[in-house]
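Below is one structure, written out as structure tokens; the observations come after it.
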Amino acid sequence: MLRLVTTVARIQASQTQAQEETLRCQSEKSPPTNVLETNLWLNLPLPNRQRLIWILSQMLENQIAAQLQQEQSHES
243 MLRLVTTVAR
253 IQASQTQAQE
263 ETLRCQSEKS
273 PPTNVLETNL
283 WLNLPLPNRQ
293 RLIWILSQML
303 ENQIAAQLQQ
313 EQSHES
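According to our numbering, the residues represented by the sequence shown are 243 to 318, in order.
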């Protein structure tokens, strides 16, 4: 249950950060360095963007956990 709450909190934080980044990019006077990728991202429906963020956060969480386990095994 705690893991679920933590995961939901991370997803919400990721979504908020993505929305803030989108607003920041839109408010800048100079265009983003890679306009095509930005347009592709902005053209994705919001649920798809949220799903991608969730998947990436899960991948990152797994990589961090694996790295921590590896470091702990080296310390033993």
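We put the CB at the ideal spot given by N, CA and C, even for glycine.
Query	Result
So, at 7 Å on beta carbons, what are the nonlocal neighbours of residue 260 in its own chain, with the 5 sequence-adjacent residues on each side left out?	291, 295
Just checking my contact of residue 256 with residue 315 at CB under 8 Å: how many whole Å lie between their CB atoms?	So it is not a contact: roughly 29 Å between Cβ atoms.
With DSSP as the reference, label residue 289 as helix, strand or coil.	helix
Using the C-alpha atoms, what's the distance from residue 254 back to residue 285?	21 Å
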